[in-house]
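K.L.:
For the sequence shown, the numbering used here assigns the number 10 to the initial residue and increments by one for each residue that follows. We put the CB at the ideal spot given by N, CA and C, even for glycine. All values derive from a computational prediction rather than experimental measurement. Sharing a structure, written as structure tokens. Questions coming.
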Amino acid sequence: MRWLVVIALATIVTLVVMLGFATYTVPTVLVPDQGGVFREGVAGLPQYLHPVWCQSHTNNVDSDLCRLVYRGLTQLGENGRIVPDLAESWSVTDGRIYQFRLKPGLFWHDGYPLTIDDVIFSYSILQDPGLAEIPGLPAPWRSVTVEKLDDRTLQITLPQPFAPFLDLTTVGILPQHIYQGMPAHTLVTEPLTANPIGAGPMRIVEMTPDHVRLEPSSVNGDASPFISALEFRFFPDYGNVIAAFESQQIDGLGLLAPGDARNAAARNDIQLFSSVESGYENVVLNVNNPNAPFFQDRNVRQALLYAIDREQLITETLAGQGVMASGLLAPGHWAYTPEVRQYPYDPTAAQTLLDQAGWIDSDGDGVRDKDDKPLAFILLVKDDNLHQQIGAKLAADWSAIGVRADVEAVPFSGLVSDFLAPRTFEAALTDWNQVGDPDPYPQWHSSQTEGNGQNYAGWQNAEADQLMEAARQITDEAERKTLYAQFQTIFADELPSLPLFHPLYTYGVSTRVKHVQIGTLNVPSERFVGFADWYINARRIPASQAPADESGQQPTPGND
Numbered sequence: 010m011r012w013l014v015v016i017a018l019a020t021i022v023t024l025v026v027m028l029g030f031a032t033y034t035v036p037t038v039l040v041p042d043q044g045g046v047f048r049e050g051v052a053g054l055p056q057y058l059h060p061v062w063c064q065s066h067t068n069n070v071d072s073d074l075c076r077l078v079y080r081g082l083t084q085l086g087e088n089g090r091i092v093p094d095l096a097e098s099w100s101v102t103d104g105r106i107y108q109f110r111l112k113p114g115l116f117w118h119d120g121y122p123l124t125i126d127d128v129i130f131s132y133s134i135l136q137d138p139g140l141a142e143i144p145g146l147p148a149p150w151r152s153v154t155v156e157k158l159d160d161r162t163l164q165i166t167l168p169q170p171f172a173p174f175l176d177l178t179t180v181g182i183l184p185q186h187i188y189q190g191m192p193a194h195t196l197v198t199e200p201l202t203a204n205p206i207g208a209g210p211m212r213i214v215e216m217t218p219d220h221v222r223l224e225p226s227s228v229n230g231d232a233s234p235f236i237s238a239l240e241f242r243f244f245p246d247y248g249n250v251i252a253a254f255e256s257q258q259i260d261g262l263g264l265l266a267p268g269d270a271r272n273a274a275a276r277n278d279i280q281l282f283s284s285v286e287s288g289y290e291n292v293v294l295n296v297n298n299p300n301a302p303f304f305q306d307r308n309v310r311q312a313l314l315y316a317i318d319r320e321q322l323i324t325e326t327l328a329g330q331g332v333m334a335s336g337l338l339a340p341g342h343w344a345y346t347p348e349v350r351q352y353p354y355d356p357t358a359a360q361t362l363l364d365q366a367g368w369i370d371s372d373g374d375g376v377r378d379k380d381d382k383p384l385a386f387i388l389l390v391k392d393d394n395l396h397q398q399i400g401a402k403l404a405a406d407w408s409a410i411g412v413r414a415d416v417e418a419v420p421f422s423g424l425v426s427d428f429l430a431p432r433t434f435e436a437a438l439t440d441w442n443q444v445g446d447p448d449p450y451p452q453w454h455s456s457q458t459e460g461n462g463q464n465y466a467g468w469q470n471a472e473a474d475q476l477m478e479a480a481r482q483i484t485d486e487a488e489r490k491t492l493y494a495q496f497q498t499i500f501a502d503e504l505p506s507l508p509l510f511h512p513l514y515t516y517g518v519s520t521r522v523k524h525v526q527i528g529t530l531n532v533p534s535e536r537f538v539g540f541a542d543w544y545i546n547a548r549r550i551p552a553s554q555a556p557a558d559e560s561g562q563q564p565t566p567g568n569d
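What follows is the structure in structure tokens.
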């Protein structure tokens, strides 16, 4: 009996050892698991959380939250094109009659059905005549007719063709059952932070003075993220955001300034992702200012651009956070064309152009002059450190060819209200959002040189005007692209402003967060488009059970 017991025990031990060895030698992989909270630090606070103001991109926190919480009939897709969102399709007749077909089975975060009536309600707010005096609201809404054709079809009729109108349908829709009793003026001017209900992929579950917490919403079929919640932590400035990351209070840096991006690149605990922004930095030249009549001369304008070492500006001043601009549109936009005149750094060409224009240094003081007037002007810049550095770089490059630019820093609000709008400036360093539709009419058509128009340079060109007018009335993308290519050619020759660079948006994420991808963005708030694939937690499973990736391949087994 004792021998039987010994044999049995030995057999059991052998089996345990063999099973343990077999288990140890089975290839395993780590795969995403549910759980975790992604904490992102941002500088500032939400102000309105109203979809209309979120589209102005003046408050990054509002833009980020609106992108996650609200939805429009359409949204911006790749290369600045409009793609479906709440609407599954649309058609355009005669360039002015738009019919949208709503997706079936849509809901608000609180469970109420989202209907055509909600869309009509939201657009009726923008059409309210009492809002005409509020600057910044999209004026085209006030002249359209909105009709309900059936439970899922909406028709919007414009008085005349206006191709950029489709961009306006990206504005987020509001729930009628919550806001229908609120006057339009109140609804637009007061914050919606008390009860922000939308139909987006995330819903707000908590909002305090120092953070907002969002959790996934699957009411409209959005993919369920691995990460349980996303929190925005509010800080007074970017310096405090960086400090919070270093103390591991947050996992993400909503925006990295050029200097911070350079420092972050040397760290091993952060992943950096960059995308060329749709906007551009330029120097606007006031061709109608009597103190700077030389700006009317195209040769002078071209010389100023030839004289700028933009590669050095981007590499040193911007720490590489920019892409040289050849015009108003960033490479990758559907209407962009590279077939325009280029201005590489060429101080010799710049000096030749100035010589030909009659600007020489007649008295040896280092500044060119003509008819006893020096080639000198005031360059206005925003009063933050980066823009002052850019201004100093421009002034140094121009000084090398005998042009004096006196850099004057002013607050951003004052730059617009006190100088650009009244056209009292000589030259100004400005940054512009050129998101979505490429229509340059508001900034560069000759009709916009006065009043509320934004043609601050005062540039007038009849051929360019005709191209802008025609492109506004055509909905065919190929035809519009041809017209805008011609406009970009004229603009590059005339240079009413000097394109410098398209900024890079740089996003920082802790290495503890996996599978982060952001791709090419129209605006920074699109960085969460792939959030459902991000993960923090992971679990180990046999490699044979791992799901295949997009290429159909299973993960490589390992012990990571």
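1. Quick one: which unbroken beta strand (DSSP E) runs of 3-plus residues sit fully inside the segment 154-193? Chain order, please.
2. Following the continuous alpha helix (DSSP H) through K402, name the residue where it begins and the one where it ends.
3. Could you tell me the distance, in whole angstroms, from the CA atom of D160 to the CA atom of Q136?
4. Tell me the residue span of the beta strand (DSSP E) that contains G331.
5. Identify, in the order they occur along the chain, each residue of the same chain with its Cβ nearer than 6 Å to the Cβ of R549, setting aside the five sequence neighbours on each side.
6. Return the CA-CA distance between L389 and D378, expressed in angstroms with no decimal places.
7. In the DSSP assignment, what residue or residues form a beta bridge with N291?
8. Does DSSP classify F303 as helix, strand or coil?
9. Check whether the segment 268-286 touches the segment 407-419, taking contact to mean three or more Cβ pairs, one atom from each stretch, closer than 8 Å.
10. Since L177 and W150 are thought to touch, with beta carbons under 8 Å apart, how far apart are those beta carbons, to the nearest angstrom?
11. If you drop the 5 nearest sequence neighbours on each side, which residues of the same chain put their C-beta closer than 8 Å to that of A358?
12. Can you find the residues in the same chain that come closer than 6 Å, C-beta to C-beta, to I387, ignoring five residues on each side of it along the sequence?
13. According to the Cβ coordinates, are F304 and N295 closer than 8 Å?
14. Please check the pair S570 and N442, which I expect to be a contact at CB under 8 Å, by giving their CB distance rounded to whole angstroms.
15. Closest to T631 by C-alpha separation, out of P420, D440, I106, would be which residue?
16. Going straight from the alpha carbon of G44 to that of T515, what length do you get?
17. My understanding is that R276 touches D502, with C-beta atoms under 8 Å, so please give their C-beta distance in whole angstroms.
18. Measure the Cβ-Cβ separation of P508 and S283 and say whether it is below 8 Å.
19. Quick one: measure Cβ to Cβ for L476 and Q452, integer angstroms, because I've assumed they're closer than 8 Å.
20. Distance, Cα to Cα, C75 vs S534?
21. Candidates N68, L175, G400, W343: which alpha carbon is nearest L82's?
22. Which stretch, first to last residue, makes up the beta strand (DSSP E) that contains A42?
23. Might you give, ordered along the chain, the residues of its own chain that have their beta carbon closer than 7 Å to the beta carbon of A193, omitting 5 neighbours on each side?
24. Can you tell me which of the three DSSP states G86 falls into?
P.N.:
In short:
1. 154-159, 162-166
2. Indexing the sequence shown from 1 puts residue 402 at position 393. Note, K402: alpha helix (DSSP H), 394-408.
3. The residue you call residue 160 lines up with position 151 of the sequence shown. The residue you call residue 136 lines up with position 127 of the sequence shown. So the two alpha carbons sit approximately 21 Å from each other.
4. Counting from one through the sequence shown, the residue named residue 331 turns up at place 322. Segment 331-333, the beta strand (DSSP E) holding G331.
5. By one-based count along the sequence shown, residue 549 stands at place 540. Hits under 6 Å: T37, L39.
6. Start at 1 with the first residue of the sequence shown, and residue 389 comes out as number 380. Start at 1 with the first residue of the sequence shown, and residue 378 comes out as number 369. L389 and D378: Cα-Cα distance of roughly 22 Å.
7. On the sequence shown, residue 291 is found 282 positions in, with the first residue counted as 1. T439, P508, per the DSSP bridge assignment.
8. Here residue 303 is taken as the residue at index 294 of the sequence shown, counted from 1. Correct three-state label for F303: helix.
9. no
10. Reading the sequence shown from its first residue, position 168 is the one you call residue 177. Reading the sequence shown from its first residue, position 141 is the one you call residue 150. Their Cβ separation, rounded to whole angstroms, is 7 Å, which keeps L177 and W150 in contact under 8 Å.
11. As a first step, residue 358 must be located in the sequence shown, where it is residue number 349. Hits under 8 Å: A312, Y315.
12. The residue given as residue 387 occupies position 378 in the sequence shown. For I387, where only same-chain residues beyond five positions count, the Cβ hits under 6 Å are D415, E417, E435.
13. Sequence index remark: in the sequence shown, residue 304 carries index 295 (1-based). Sequence index remark: in the sequence shown, residue 295 carries index 286 (1-based). In this structure, N295 lies closer than 8 Å to F304 by Cβ.
14. Nothing in the structure corresponds to residue 570, since the chain is present only between 10 and 569.
15. Any question about residue 631 goes unanswered here, given that the chain covers just 10 to 569.
16. Position 35 of the sequence shown, counted from the first residue, corresponds to residue 44. Position 506 of the sequence shown, counted from the first residue, corresponds to residue 515. Near 26 Å, if we compare the C-alpha coordinates of T515 and G44.
17. Taking the first residue of the sequence shown as position 1, residue 276 is located at position 267. Taking the first residue of the sequence shown as position 1, residue 502 is located at position 493. Rounded, the Cβ-Cβ distance is 45 Å, inconsistent with contact.
18. By 1-based counting over the sequence shown, the position of residue 508 is 499. By 1-based counting over the sequence shown, the position of residue 283 is 274. Result no, Cβ atoms of P508 and S283 do not sit closer than 8 Å.
19. On the sequence shown, residue 476 is found 467 positions in, with the first residue counted as 1. On the sequence shown, residue 452 is found 443 positions in, with the first residue counted as 1. About 14 Å separates the two Cβ atoms, so there is no contact after all.
20. Here residue 75 is taken as the residue at index 66 of the sequence shown, counted from 1. Here residue 534 is taken as the residue at index 525 of the sequence shown, counted from 1. Between C75 and S534, the C-alpha separation is close to 9 Å.
21. Position 73 of the sequence shown, counted from the first residue, corresponds to residue 82. For L82, the nearest C-alpha among the options comes from L175.
22. Position 33 of the sequence shown holds residue 42. What sits at residue 42 in the sequence shown is Asp, not Ala. Segment 37-42, the beta strand (DSSP E) holding D42.
23. The residue given as residue 193 occupies position 184 in the sequence shown. These residues qualify, in order along the chain: I134, D137, G139, L140.
24. Position 77 of the sequence shown holds residue 86. Correct three-state label for G86: coil.
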